[in-house]
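For the sequence shown, this note's numbering assigns the number 758 to the initial residue and increments by one for each residue that follows.
One structure is given here, and the rest of the page talks about it.
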Amino acid sequence: MQHLTDKALLEETENLVRKERQILGVILRHLREIERRRLFSSLGYSSLFTYCVGRLGFSEDEACRRISAMRIHRELPEVEEIQVSLTNLSRAESVFRREKFTREKKVAILRELEHKSVREGEKVLARYAPRAPRPDRVRAVAEDTVEVRFQASQELREKIEILKGLLAHKHPNIPLGELFEKLCDLGIQEWDPGRPPKRAATRARKAESPAAPRVKSRSDRPAPPNPPVAQQVKPSHRHMLPNLPAPPQVKSRSHHPVPPNPPAAQQVEPPSHHPAPPNPLAAQQVKPPHHPAPAHSPAAQQVNTTLRRLIWRRAQNKCENCRSRYALQIDHRIPRAHGGPHTPANLRLLCRSCNQRAAIQALGLRKMEKHLKREG
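Have a look at this one:
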């Protein structure tokens, strides 16, 4: 470049910057279409961010800035005509997520950021939104140790002090790292779909422990002998049992003899040749035949708990495509709309992005686009 004149060097640099902006706009449009089709899932990436870092070679900061700018371009296509730096676009997108602005207000803020430096852009955004909280941070400090930093409310601090007080007898002065680990263990036991239910785990522990001597309850004691049938039947109904022996007579306090029952022959009515009327209670007790729910009904679309737990265990609580643990969902290899059954061979565990990509491949992008827009 040493042979270039001063004027030629300046003109060529300005031309390259204009080309860079044009190329950046093309890259952002390509990233937007890749996200719309969820193509990163086909390559085994869980998100557009991991695709930009792992496949395109961007640093994490570069990937974040480009994705933030891409989302602003997706929401506000007219932004492509406004010359705003990637850093200012990224910070503006962060402000727009925290604060509610109309579409016209967002465009006006971006026009204020045009041709502004990073420091000047901070002053512009500070007028429209309070200072943003510091982002969460996880930093490696040793081979097997990390530092986790986040901002919390005063209410959370009070809850931490309450927990430390409850654990003071067994774990005096417990460090926050150990306390956080115990809370994570409790959360995994409570919310992990792949773990057996509490009742099943309790039964398994009882089965492994030696059986304790069983205490007889009242239900185990022998029941007293039933009284004679004659004593159980009311006198007004005794004529319905013609061969029933008469109950033993008990002397009353007045010592008056109890008159004997009339002969059984006088109590039995002559048989009728008309059939007995149907018993309405018996008709009510007959259950109607069970018909399976149709395939399109909500009952048929639900996967039962046992099968769901099996799928989660088989996948080891990870997406079977990209190995992500975020937003996992059970998916049908053959969709239910195409007659796919609720069988272990047809079910798999996918993250939300991979599930959406599988639905796009099976049902088409046009049919799935309204669902993708609704989810953001």
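Where a beta carbon is used, it is the ideal one built from N, C-alpha and C, also for glycine.
None of the values given here were measured: they were computed from a predicted structure.
Per-residue DSSP class, three states only, for residue i
i, result
"I1091", "coil"
"V836", "helix"
"L924", "coil"
"A886", "coil"
"Q1148", "The question about residue 1148 has no answer, for the chain in this structure spans 758 to 1133."
"L870", "coil"
"E735", "Beyond the ends of the chain as shown, which are 758 and 1133, falls residue 735; an answer cannot be given."
"L1104", "strand"
"K776", "helix"
"V841", "coil"
"V905", "strand"
"R891", "coil"
"C1076", "coil"
"T770", "helix"
"S798", "helix"
"P1037", "In this predicted model, P1037 has a pLDDT of only 40, less than 50, meaning its place in the structure is not dependable enough to derive any value."
"L913", "helix"
"Q1118", "helix"
"R860", "helix"
"L758", "Note that residue 758 corresponds to Met in the displayed sequence, not to Leu. DSSP places M758 in coil when its eight states are reduced to three."
"V1060", "coil"
"N930", "coil"
"H830", "helix"
"H1099", "coil"
"R855", "helix"
"G811", "helix"
"S804", "coil"
"S1081", "coil"
"R952", "coil"
"S847", "helix"
"S816", "coil"
Length of the line joining the Cα atoms of residue i and residue j
i, j, result
"H1095", "C809", "34 Å"
"T902", "E912", "28 Å"
"E1077", "R1090", "12 Å"
"E879", "D818", "17 Å"
"P950", "L1067", "9 Å"
"T762", "R828", "41 Å"
"E938", "E768", "59 Å"
"F815", "E918", "42 Å"
"H830", "S803", "22 Å"
"L773", "L1129", "37 Å"
"Q946", "E832", "40 Å"
"I931", "R1071", "36 Å"
"A897", "F907", "15 Å"
"L1120", "P1101", "21 Å"
"L788", "N1103", "32 Å"
"W1069", "K1127", "28 Å"
"G811", "H928", "43 Å"
"T859", "E871", "19 Å"
"R1080", "Q1113", "15 Å"
"I1117", "R794", "7 Å"
"V1060", "P1092", "13 Å"
"L813", "K776", "20 Å"
"R854", "M1125", "25 Å"
"H1031", "T1062", "Per-residue confidence for H1031 stands at a pLDDT of 49, beneath the threshold of 50, marking its modelled position as unreliable; no derived number is given."
"R952", "Q1073", "11 Å"
"E792", "H926", "52 Å"
"R750", "L805", "Because the chain here runs from 758 to 1133, residue 750 falls outside it and cannot be looked at."
"L923", "P892", "30 Å"
"S842", "Q759", "29 Å"
"K1075", "G944", "17 Å"
"S875", "E771", "The identity of residue 875 in the sequence shown is Val, whereas the question assumes Ser. Distance between the alpha carbons of V875 and E771: 20 Å."
"C728", "Q840", "The question about residue 728 has no answer here: the residues shown for the chain are numbered 758 through 1133."
"L800", "T807", "11 Å"
"A899", "T844", "31 Å"
"V852", "L766", "38 Å"
"D1064", "S798", "Before going further, note that residue 1064 is Leu rather than Asp in the sequence given. Near 25 Å, if we compare the C-alpha coordinates of S798 and L1064."
"L933", "E790", "44 Å"
"A1115", "K862", "37 Å"
CB-CB length for residue i against residue j, believed under 8 Å
i, j, result
"S825", "L846", "6 Å"
"L785", "R823", "7 Å"
"L936", "K916", "Rounded, the Cβ-Cβ distance is 11 Å, inconsistent with contact."
"A883", "E856", "Incorrect: roughly 12 Å between the Cβ atoms, too far for contact."
"V895", "V905", "5 Å"
Minimum Cβ-Cβ distance from residue i to chain B less than 8 Å
i, result
"L767", "Protein chain content of the structure displayed is limited to a single chain, and chain B is not contained in it."
Original post:
Does the pairing of the segment 1104-1112 with the segment 1083-1092 give three or more beta-carbon distances under 8 Å?
Top reply: yes
**OP:** State whether the segment 826-846 contacts the segment 855-869, with contact taken as three or more CB pairs (one from each stretch) at a distance under 8 Å.
**Re:** yes
Subject >> Contact between the segment 771-789 and the segment 1090-1104 (3+ Cβ pairs under 8 Å) >> reply: no
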